[in-house]
Amino acid sequence: MKYSTSIKPISFLKTHASEVIREVSANRGTMIITHNGEAKVIVQDVHLYEETQESLALLKILAQSSQSIEQGRYKPASQSFALIRQQIAKQQEL
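Pasting the structure below:
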């Protein structure tokens, strides 16, 4: 869905709410709602919203990981795998 065709005034939303919901859901898209000619609200398909939230969460994790690496807070993979192997061995002894 192109943003240029998905910008509607609030009056359109008021009179065509079910149509807006149907269109946004069918196209898994986004519609920008304006008030007094200014963008105010976004109506978005719930699946697209969830995907966006998941992507943002992954980006935050990546940013935190990069920051940890820059600050020297990490272990080499070999050390991490050795620790995991030790924990598995302890669990198997029980």
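Our numbering puts the sequence shown at residues 423 to 516. For each residue, glycine too, the CB sits at the ideal point set by N, CA and C. Note that the structure is predicted; figures quoted are calculated from it, not measured.
Using 10 angstroms around the beta-carbon of V446, count the other beta-carbons present and answer buried if the total reaches 16, otherwise exposed. Translated into the one-based positions of the sequence shown, residue 446 becomes position 24. The residue is buried, with at least 16 neighbouring Cβ atoms inside 10 Å.
What are the residues that DSSP puts in a beta bridge with A461? Locating residue 461 in the sequence shown gives position 39, where the first residue counts as 1. DSSP lists T456 as partners of A461.
Any idea if I506 is buried or exposed, counting beta-carbon neighbours within 10 angstroms, 16 or more meaning buried? Start at 1 with the first residue of the sequence shown, and residue 506 comes out as number 84. Here I506 is exposed: its Cβ has fewer than 16 other Cβ atoms, across all protein chains shown, within 10 Å.
Under 8 Å between the Cβ atoms of T456 and L470? Here residue 456 refers to the residue found at position 34 when the sequence shown is read from its first residue. Here residue 470 refers to the residue found at position 48 when the sequence shown is read from its first residue. Inclusion of T456 and L470 in the CB contact set at 8 Å is not warranted, their separation being larger than that value.
Can you tell me where the alpha helix (DSSP H) with K436 in it begins and where it stops? Counting from 1 along the sequence shown, the entry for residue 436 is found at position 14. Residues I432 to T437.
Residues bridged to Q466 by DSSP? Your numbering for residue 466 matches position 44 in the sequence shown. Q466 pairs with T452.
Comparing alpha-carbon positions, which option in Q514, I432 and K512 lies nearest G459? Numbered from its first residue, the sequence shown carries residue 459 at position 37. Minimum Cα distance to G459 is reached at I432.
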